[in-house]
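Numbering of the sequence shown is given in the working numbering, commencing with residue 632 and proceeding in unit increments.
For reference, the structure is listed below as structure tokens.
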Amino acid sequence: MVGDVQSMTDREWLDAFLREWSILADLSFSDLVMWLPVDTSGERFTCVAQVRPVTGPTALEDDVVGDLIEYEPDHPVVVAWLSQQIAETSDNQLSAGIPVDVWAIPVLRNGRPIAVIERHTNQMTVRATGALEENFMDAADILTQMLLRGEFPLVPPSDKALAPRVADGVIRVQPDGTISYASPNAVTGARRLGATGDLEGENYRDFIRSLRRQVDKVGQTLASDLDGTVSLEFDIENNSASMRFVLLPLWLERSSAGMLVLCRDTTDLRKRDRLLVTKDATIREIHHRVKNNLQTIAALLRMQARRSQSPEAKETLRDAMRRVSSIALVHETLSTAIDEQVDFDAVCDKILDMVGDLAAASGTVRARREGSFGVVPAHATTSLSMVLTELCQNAIEHGLNSSSGMVLVRPEREENLLTVSVLDDGDGLPEGFVLGNQTSLGLSIISALMNEMSGTLEITNRTDGPGTAAIIRLPL
């Protein structure tokens, strides 16, 4: 992983640092500002990013992103860039009436500067020095030197939403593996997992193994972690609590300074995730059962249609069976979906297979799709499938007069507008056709559903050949 970081371009490396620089801001109780050179002269810089600490008061009342430094040879940023050394002003200079210490840290990669990070520390409300402050500042100074050498960050966390921050919990591990400090939040989280004592003085490897007996199986061995050769993240969970750990190796110029371990109590987040998984599984099971029930109803309608002696009753029952089956197809899709978006192409293809089989009283009807619906919100899939079913049925019964022919469904997406054309190659519309004057149940269903979805329906003769075109436009 370290090799992957070393192979990054300068821009990729700076982006990776911006994802992780809140660690340095929180440890140093400081605002951080990133400056990039405007040109190659090293005299003009622009501010491209800023972050404030959550562990202390801000030193910058205003947002400085977009500010320029132009031809100020004594400015710490210019001095740091040209000297390739940290430029420090510790005379408590005033910023908006607030005494502020400023460090300008050049970021070096391959022996050349690529950016300057300013560290602004508010001195007006300095925290009383204690074990937490001393350990945080010591780690911040080491990370600052690593930043100067282009060694921080190493590897970003895999899941930013679960990544611990400094305020969540910090454990400092010395090169020999001894825990020299654990913040109160880290101790509290560890005790929820079953640890005893204050952790300080314990061996880190033994401490982790006491919480999770098979910790060596999380990706790398603890031995390599303790050597500071790789960064690592892992979770420890039992029946009562869970924590996420992120290990950050600390390096002096030529030797290891141990590790900084960030940890976060994720018990409530894990419980929420489990509840969401359970809820999602329950919803999918409901869709599955609804699909089964609808298929049973469709089978009963089919049996009734076969037994009926009246041609009109047979047709009515077949129409009802087709409509129920189209809704069942949607619930079948929703029973396997994992989000609120449905790939409607699969639903459409199943509807076309079903309509082609059921609707043609004689001859052969070929129904196919050209183009893609893309993903459709789950709440709209049932109505859209019903409309599509009715339009295809209408094209077969009236456009093709229940004989052989082709029905083509052509969806088109343009931003948030879905346009669907249902085309047949029949004789076209009768003379004097006016949409809205019909009394058929199918068109009534289509009109009601389109009104519900705030869509429009147009039925006209095709312009590219014989036949009818039914066009719906639906905002998604």
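Ideal placement from N, C-alpha and C gives every residue a C-beta, glycine not left out.
Item                                                                                                                                                                                              : Value
Buried or exposed: L883, going by 16 or more other Cβ atoms within 10 Å of its Cβ?                                                                                                                : exposed
Mind checking whether V669 and A680 have CB atoms under 8 angstroms apart?                                                                                                                        : no
Identify, in the order they occur along the chain, each residue of the same chain with its Cβ nearer than 8 angstroms to the Cβ of P795, setting aside the five sequence neighbours on each side. : R875, F876, V877, L893, C894 and R895
Return the chain-ordered list of same chain residues with a C-beta closer than 6 angstroms to the C-beta of S1078, the five sequence neighbours on each side being excluded.                      : none
Between the region 914-925 and the region 939-954, can you find at least three pairs of beta-carbon atoms closer than 8 angstroms?                                                                : no
Excluding the 5 residues flanking L932 on each side, which residues of the same chain have their C-beta closer than 6 angstroms to its C-beta?                                                    : L948, A951 and M952
Which term fits M890, buried or exposed, when burial requires 16 or more other beta carbons within 10 angstroms of its beta carbon?                                                               : buried
For L663, which of helix, strand or coil comes out of DSSP?                                                                                                                                       : strand
Buried or exposed for G1030, going by 16 or more other Cβ atoms inside 10 Å?                                                                                                                      : buried
Where does the unbroken beta strand (DSSP E) through S887 begin, and where does it stop?                                                                                                          : S887 to D896
In this structure, does DSSP put G828 in helix, strand or coil?                                                                                                                                   : coil
Express the C-alpha separation of E651 and D657 in angstroms, rounding to a whole number.                                                                                                         : 11 angstroms
Of all the options T819, E868, E1021 and D980, which has the alpha carbon lying nearest to the alpha carbon of L842?                                                                              : E868
DSSP three-state label for M639, please.                                                                                                                                                          : coil
Name the two residues that bound the continuous beta strand (DSSP E) containing I1027.                                                                                                            : Neither: I1027 is in no beta strand (DSSP E) and is coded neither H nor E.
Could you pull the DSSP bridge partners for Q681 from this structure?                                                                                                                             : V664
Taking the beta carbon of S855 as the centre, do at least 16 other beta carbons fall within 10 Å, making it buried, or is it exposed?                                                             : With a pLDDT of 45 at S855, under the threshold of 50, the modelled position of that residue is not reliable, and the figure given next carries that caveat. Exposed, because fewer than 16 other Cβ atoms sit within 10 Å of the Cβ of S855.
Looking at C-alpha atoms only, which residue of P688, A1100, E674 and D911 is the closest neighbour of V747?                                                                                      : E674
Quick one: what's I754 bridged to in DSSP?                                                                                                                                                        : It should be pointed out that residue 754 corresponds to Gln in this sequence rather than to Ile. Its beta-bridge partners do not exist; DSSP assigns none.
When you compare only the Cα positions, how much space is there between S1014 and G1086?                                                                                                          : 11 angstroms
Going by Cα to Cα distance, which pick from D732, V731 and Q776 is closest to P739?                                                                                                               : Note that residue 739 is Leu in the sequence shown here, rather than Pro. Out of D732, V731 and Q776, Q776 has the C-alpha closest to the C-alpha of L739.
Spatial neighbours of T1012 within its chain, please: C-beta separation below 8 angstroms, excluding the five flanking residues on both sides.                                                    : V961, T964, L965, V973, F975 and V978
Less than 8 angstroms between the C-beta atoms of T689 and P707, yes or no?                                                                                                                       : no
Give every residue of the same chain whose Cβ lies closer than 8 angstroms to the Cβ of P1097, excluding the five residues on either side of it in the sequence, and list them in chain order.    : D1056, G1057, D1058 and G1059
In terms of residues, what are the limits of the alpha helix (DSSP H) holding Y812?                                                                                                               : Element bounds for Y812: not the alpha helix (DSSP H) but the beta strand (DSSP E), I810 to A813.
Near L1182, what residues of its chain come up, given a Cβ to Cβ distance below 6 angstroms and the 5 sequence neighbours on each side ignored?                                                   : Since the displayed the chain opens at 632 and closes at 1107, residue 1182 lies outside it and no answer follows.
Can you check which of these residues, D904, N753, P730 and W712, is closest to I736 by C-alpha distance?                                                                                         : W712
Going by DSSP, which residues form a beta bridge with M1037?                                                                                                                                      : R997
Going by the beta-carbon positions, is the gap between S663 and E749 smaller than 8 angstroms?                                                                                                    : Sequence inspection shows Leu at residue 663; the Ser mentioned does not correspond to that position. In this structure, E749 lies closer than 8 angstroms to L663 by Cβ.
Check whether the Cβ atoms of I1027 and V1040 lie closer than 8 angstroms to each other.                                                                                                          : no
When the distance is taken between beta carbons, is I700 closer than 8 angstroms to V709?                                                                                                         : yes
Using the rule of at least 16 other Cβ atoms within 10 Å of the residue's Cβ for burial, across every protein chain shown, is M665 buried or exposed?                                             : buried
So for A746, helix, strand or coil by DSSP?                                                                                                                                                       : strand
Run the CB neighbour count on L906, radius 10 Å, all protein chains shown included, and call it buried at 16 or more, exposed below.                                                              : exposed
How many angstroms separate the CA atom of D911 from the CA atom of E971?                                                                                                                         : 11 angstroms
DSSP three-state call for A1100: helix, strand or coil?                                                                                                                                           : strand
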